[in-house]
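Written out below as structure tokens is the structure these notes cover.
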Amino acid sequence: MVLCVTPGKREAMNSIMKCDSDKPPSDASARPMMRSMTNAVFLTFIASVRGSPRVFFSYMGRMVRRTLNRSSVSVDRPLTGCRFRATLRAMFDWSALKKPIIALSPMADMTDSAFCRVAKKFAAPVVFREMISAEGLVHGSEKSFAMGRFEQEERPIVQQLFGADPKSMGDAVRMIDEAYSPDGFDVNMGCPVYKIVSNFNGAALMRDAKLATAVIESMRAATTKPVSVKLRLGWQEPTEVLEFIKVVEAAGAALVTIHGRTKAQGYSGVADWDMVGRAKRNVSIPVLCNGDVHAPETAAKALEVSGCDGLLIARGALGNPWIFSQIDAVLQGLPYRTPTLAERAAVVREHAVLHAELYRGDLVSFRKHLTWYFKGIPGAKAYRDAFMRVSTVAELEAALDRYLTEHGDARAVTPVLETAVAA
Ligand SMILES: Cc1cc2nc3c(=O)[nH]c(=O)nc-3n(C[C@H](O)[C@H](O)[C@H](O)COP(=O)(O)O)c2cc1C
Numbered sequence: 063m064v065l066c067v068t069p070g071k072r073e074a075m076n077s078i079m080k081c082d083s084d085k086p087p088s089d090a091s092a093r094p095m096m097r098s099m100t101n102a103v104f105l106t107f108i109a110s111v112r113g114s115p116r117v118f119f120s121y122m123g124r125m126v127r128r129t130l131n132r133s134s135v136s137v138d139r140p141l142t143g144c145r146f147r148a149t150l151r152a153m154f155d156w157s158a159l160k161k162p163i164i165a166l167s168p169m170a171d172m173t174d175s176a177f178c179r180v181a182k183k184f185a186a187p188v189v190f191r192e193m194i195s196a197e198g199l200v201h202g203s204e205k206s207f208a209m210g211r212f213e214q215e216e217r218p219i220v221q222q223l224f225g226a227d228p229k230s231m232g233d234a235v236r237m238i239d240e241a242y243s244p245d246g247f248d249v250n251m252g253c254p255v256y257k258i259v260s261n262f263n264g265a266a267l268m269r270d271a272k273l274a275t276a277v278i279e280s281m282r283a284a285t286t287k288p289v290s291v292k293l294r295l296g297w298q299e300p301t302e303v304l305e306f307i308k309v310v311e312a313a314g315a316a317l318v319t320i321h322g323r324t325k326a327q328g329y330s331g332v333a334d335w336d337m338v339g340r341a342k343r344n345v346s347i348p349v350l351c352n353g354d355v356h357a358p359e360t361a362a363k364a365l366e367v368s369g370c371d372g373l374l375i376a377r378g379a380l381g382n383p384w385i386f387s388q389i390d391a392v393l394q395g396l397p398y399r400t401p402t403l404a405e406r407a408a409v410v411r412e413h414a415v416l417h418a419e420l421y422r423g424d425l426v427s428f429r430k431h432l433t434w435y436f437k438g439i440p441g442a443k444a445y446r447d448a449f450m451r452v453s454t455v456a457e458l459e460a461a462l463d464r465y466l467t468e469h470g471d472a473r474a475v476t477p478v479l480e481t482a483v484a485a
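Residue numbers in the sequence shown follow my numbering, run continuously in steps of one, and reach 485 at the last position.
The structure is reproduced here in structure tokens:
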């Protein structure tokens, strides 16, 4: 039997080899793939001549596995050029996700790789990583660049950026996409912090529809991944979002999240889910409601009032990553489990180990997570000082052991979340 590579087969092969950018593979990483493919065709020919399909299939299996491993995005070796693996992976699509979408909201200094992995473990279907400065990226900040790293288990992952210069925002998207290939990008148009809005970043972009449009369009032009936007209800008036959301949709945003407060409100008052719902009804792209969903029971209410396609959970997930599986249970009409002290301590340990790996063994920056993990937990107040002094995983383990010995480890406890605000 003679193997004949027909034009149709050649086309199919070409389409498998296609880059994200639709350009021919341009860098050295594509060449070994080409060689493997050529070898495969050659072996197919030999195997077919010998009439041995087993040889053929086992070779093909090995070849595909090897190719995938070679082209995976690695933390130590950021991938440039053709992204074979990304091409094989189904493209992330907000509209195709199972509804309601209950995702982890971006939080500066909090939703890093370590915390996102813990949230994923408790069924967060999508995670938004903390914002990165586009200017920091384009001006060569290594710290900003390193913030974009993630592990494959965090997928689907959306990287949020902040900035107001359309060119820098496009360049920043390109840099992160080339190096790490997240599943989507998000632009911060909601941050109310003075340091951010004084540079016309964050919520300030809601005051300039033209600039906001240019930013979204530049980001979209830089990637094939969906670009989403995170808004507030407005700068001053909660009704501003009703028109602004149409601007964002017209600029090509694939999804919008609305935090139900204005910039002027900061974090005071109550999130207005009803106004979020009114804005949602003005567009046809998916909209997520955000703000004040701090308990599983509240999730159903926020969805009902806003009529949104899902929720972004921020403070409700801090020290409480279980909230995602608990919301899942509530939405299915099932009772949810509250972790015992021992289970809580085990997750704290696991999170601390991941955190220490990420920050070269240092646990000082983990203390803020400890505050959240033990907020409102019986007896934890007495251990606060001990927790606030830990600098290593070993010190944390010793403090946790002392706490568990004293308080037993079988009780299920739900922390009391104060609505007081962190940022
Ligand atoms: C510590 C902290 C950091 C935050 N950082 C970001 C950020 O990087 N990007 C962003 O869009 N929102 C950020 N936010 C806002 C949250 O994502 C969310 O919109 C807000 O907290 C309201 O939701 P919640 O009531 O569920 O907390 C941050 C909030 C907190 C508490």
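Even for Gly, the Cβ is constructed at its ideal location relative to N, Cα and C. In this text, all values refer to a predicted model and were calculated from it rather than measured experimentally.
How about residue i and residue j: are their beta carbons less than 8 Å apart?
| i | j | result |
| --- | --- | --- |
| residue 248 | residue 168 | yes |
| residue 181 | residue 235 | no |
| residue 353 | residue 322 | yes |
| residue 302 | residue 268 | yes |
| residue 230 | residue 200 | yes |
| residue 16 | residue 163 | Here the chain has residues from 63 to 485 only, and residue 16 is not among them. |
| residue 393 | residue 425 | no |
| residue 351 | residue 364 | yes |
| residue 310 | residue 278 | yes |
| residue 184 | residue 387 | yes |
| residue 209 | residue 194 | yes |
| residue 222 | residue 261 | no |
| residue 287 | residue 239 | yes |
| residue 159 | residue 178 | no |
| residue 428 | residue 408 | no |
| residue 176 | residue 420 | yes |
| residue 295 | residue 320 | yes |
| residue 334 | residue 300 | yes |
| residue 398 | residue 404 | no |
When you compare each of the options to residue i by their alpha carbons, which one comes out closest?
| i | options | result |
| --- | --- | --- |
| residue 154 | 227, 200, 244, 353 | 244 |
| residue 316 | 328, 292, 332, 325 | 292 |
| residue 382 | 406, 237, 304 | 406 |
| residue 252 | 324, 375, 334, 448 | 324 |
| residue 367 | 380, 388, 342 | 342 |
| residue 156 | 289, 196, 242, 226 | 289 |
| residue 192 | 398, 391, 224, 228 | 224 |
| residue 439 | 413, 402, 428, 409 | 402 |
| residue 216 | 240, 287, 186 | 186 |
| residue 270 | 226, 203, 287, 198 | 226 |
| residue 465 | 175, 454, 453, 446 | 446 |
| residue 233 | 202, 220, 306, 390 | 202 |
| residue 455 | 359, 441, 417 | 417 |
| residue 384 | 395, 400, 369 | 400 |
| residue 272 | 300, 306, 297 | 306 |
| residue 410 | 422, 196, 376, 436 | 436 |
| residue 298 | 360, 326, 461, 441 | 326 |
| residue 152 | 161, 197, 218 | 218 |
| residue 196 | 214, 263, 220 | 263 |
Heavy atom of ligand 1 less than 7 Å from the Cβ of residue i, yes or no?
| i | result |
| --- | --- |
| residue 368 | no |
| residue 355 | yes |
| residue 326 | no |
| residue 192 | yes |
| residue 169 | yes |
| residue 388 | no |
| residue 172 | yes |
| residue 385 | no |
| residue 413 | no |
| residue 257 | no |
| residue 443 | no |
| residue 376 | yes |
| residue 321 | yes |
| residue 252 | yes |
| residue 352 | yes |
| residue 222 | yes |
| residue 161 | no |
| residue 292 | yes |
Over the uninterrupted beta strand (DSSP E) stretch that includes residue i, give me the two end residues.
| i | result |
| --- | --- |
| residue 466 | Taken as a continuous stretch (DSSP letters only), residue 466 belongs to no beta strand (DSSP E), being part of the alpha helix (DSSP H) at 455 to 469. |
| residue 292 | 289 to 296 |
| residue 165 | 163 to 166 |
| residue 323 | 317 to 324 |
| residue 439 | Per DSSP, residue 439 belongs to no beta strand (DSSP E) and is neither H nor E. |
Terminal residues of the continuous alpha helix (DSSP H) containing residue i?
| i | result |
| --- | --- |
| residue 449 | 446 to 449 |
| residue 340 | 335 to 342 |
| residue 196 | 196 to 200 |
| residue 356 | Run containing residue 356: none; DSSP gives neither H nor E here. |
| residue 239 | 228 to 242 |
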